[in-house]
RNA sequence: GGCGCGUUCGUCUAGCGGCCUAGGACGCUGCCCUCUCAAGGCAGAGAUCACGGGUUCAAAUCCCGUACGCGCCA
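In structure tokens:
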């Protein structure tokens, strides 16, 4: 076991938003680094010039920041970097890659390949036909200097391939899956430099992980198959390999790889729907990792203290919004009122509830605190305090159109118009007295009040809600509802 | 097609040969609380541990096949 200081990295390609799978990979890298007092590095793998965009970089950095996962080295924003291994954008490191490319070329461990796309397609077609694995046959491996010169004289472009060993096996000693063996002669000679004169992902990745002293490469399952090739590049350069850990994928409810079809996949969408960063950390931590006890809710400190690679799941996990929602509700309930209102600010603003006349938001939100699953639920559940009552048709028909309901509203408006103090307990006592006086049942009075004041059959505890709403508003709403019944 | 990975309640999972008549969490059902909806409390249903063979006194746990799913190569 290495005694080196732990260094992990998350290395996204900026070709889109940070999705749930990437978020979990980031989290695990972060947790592992923090767990071992190590360093967490963020590196942008933007070698795909066509698909990489600045907007994606921004979106990814925003996502990681929102998740609350701070990185020790990496981009600060689109322009500057922090850390001793800067720059952390691969396209700014091309000279470095070129240096090692030349080293491999000089050592005869890589070679120029002049095959065109058409030729490669043909090769593949034939292989399919003959039921052979459709891989590059290595025809340019043994080209002489003269042959190469004539290809180039003919103006042919070339890519550069890495020479995989033709015999033996490469073992990936995976921290999660154990030893995984690959036969070398079944691996093809990987393109490490493109015809367009640029490095490829698999090459840069190796160079950077080595140069940046990465000790643990924790990444998605989809990279496992490329790992033997990468390991051989380490060997060819005379480097020690880091330890690898491949995480299983995250699936959608139908068992296929989580994608747009399944709804939200981008981390930022979860932010915009009103999930708390802590919920995402906790939920994602448990999606593919677990402790031996039955604990579900963890503080960040607990997560950091307990996280390990041993308990990472080998099989893929289905993303379950229902449990996510439960957890978010748990954390919203655990959030102090003032903090909750601050967190909900964008949602309250979007709903136009800020600065509206009416009760203090803090009071109305407090009434429903235990019911919110999402921050975006907050305005939906308290908006009736701040705008004219909109009656739910069913509630209106069932409760207000009930026999006697109109009279109850009218009588109550009279009873309450001068009532003081207009507070929870006194109100309850008075209204219960009203019920008795009229020889009615609780429901015949309580329900109409609620619907008249809120438009709905469900809502906060009644008398406290009336207190918060205030006498004038309550009396007015009772009368308006009665008038509507005319 | 080749190679690789995986398979425990609907979902996330515990389990590393006897403690498993398989435990927990979310969800679901019922009851309690109650002015509604939640929250909370209690109870319950729900998994022949993918299938088939071995190994062993003993297997969800080890080995081998099969099926299915997924990934990579293109």
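Residue numbers (our numbering): 700 to 1185. Glycine included, each C-beta is placed from N, C-alpha and C at the ideal position. For clarity, every value in this text was computed on a predicted model and none was experimentally measured.
Outcome for residue i when other beta-carbon atoms lying within 10 angstroms are tallied against a minimum of 16
i            : result
residue 1185 : exposed
residue 1033 : exposed
residue 736  : exposed
residue 726  : buried
residue 1004 : exposed
residue 732  : buried
residue 763  : buried
residue 746  : buried
residue 994  : exposed
residue 1105 : buried
residue 706  : buried
residue 908  : buried
residue 977  : buried
residue 751  : buried
residue 843  : exposed
residue 1036 : exposed
residue 1000 : exposed
residue 1141 : exposed
residue 774  : buried
residue 987  : buried
Beta bridge counterpart(s) of residue i as assigned by DSSP
i            : result
residue 988  : 1011
residue 880  : 870
residue 781  : 773
residue 1078 : None, per the DSSP bridge assignment.
residue 919  : 946
residue 892  : 859 and 898
residue 903  : According to DSSP, which records beta bridges pairwise, residue 903 is partnered with nothing at all.
residue 812  : 858
residue 709  : 741
residue 914  : According to DSSP, which records beta bridges pairwise, residue 914 is partnered with nothing at all.
residue 787  : Per DSSP, none; premise fails for residue 787.
residue 1017 : 950
residue 718  : 965
Sequence-distant residues of its chain with Cβ nearer than 7 angstroms to residue i (five each side left out)
i            : result
residue 1166 : 1121, 1122, 1123 and 1126
residue 720  : 919, 948, 949 and 957
residue 905  : 929, 932 and 933
residue 1013 : 875, 876 and 947
residue 813  : 839, 850, 855 and 857
residue 777  : 753, 756 and 757
residue 1067 : 1080, 1081 and 1159
residue 1145 : 1161
residue 811  : 839, 847, 857 and 859
residue 1053 : 1047
residue 1063 : 1081, 1084 and 1167
8 angstroms Cβ shell around residue i - same chain, five flanking residues per side excluded
i            : result
residue 942  : 701, 872, 874, 914, 915 and 916
residue 1042 : 975, 1034 and 1074
residue 1155 : 1083, 1091, 1094 and 1149
residue 1072 : 1024, 1025, 1027, 1028 and 1031
residue 717  : 711, 725, 758, 759, 762, 763, 965, 966 and 967
residue 807  : 862
residue 738  : 704, 705, 706, 707, 732, 771 and 772
residue 868  : 880, 881, 882 and 883
residue 1002 : 730, 980, 981 and 984
residue 1061 : 1036, 1037 and 1040
Other residues of its chain near residue i: CB distance less than 6 angstroms, five sequence neighbours each side excluded
i            : result
residue 1111 : 1177
residue 1006 : 730 and 734
residue 1162 : 1123, 1126 and 1127
residue 925  : 901
residue 894  : 856 and 858
residue 801  : none
residue 891  : 859, 861, 899 and 902
residue 970  : 765
If you scan the region 938-993 from start to end, which runs of the alpha helix (DSSP H) of 4 or more residues do you find wholly inside it?
-> 966-972 and 976-985
Please confirm if the region 1169-1182 is in contact with the region 1104-1116, defined as three or more CB-CB distances below 8 angstroms between the two stretches.
-> yes
Would you mind listing the alpha helix (DSSP H) stretches within the region 1025-1104 that are 4+ residues and don't spill past its ends, in chain order?
-> Segments of the alpha helix (DSSP H) lying fully in the region 1025-1104: 1036-1049, 1060-1067 and 1076-1081.
Would you be able to state if there are at least three C-beta pairs under 8 angstroms between the region 718-735 and the region 982-992?
-> yes
Given 8 angstroms as the limit, is there contact between the region 1014-1024 and the region 881-892, that is, 3 or more CB pairs closer than that?
-> In the pairwise beta carbon analysis, the region 1014-1024 is classified as not touching the region 881-892: fewer than three pairs are separated by under 8 angstroms.
Is it true that the region 1132-1143 meets the region 1077-1089, where meeting means three or more beta-carbon pairs spaced less than 8 angstroms apart?
-> no
Is the region 1057-1066 in contact with the region 1080-1099, if contact means three or more CB pairs nearer than 8 angstroms?
-> yes
Which runs of the alpha helix (DSSP H) fall wholly inside the region 1134-1165 and span at least 4 residues, in chain order?
-> 1141-1153
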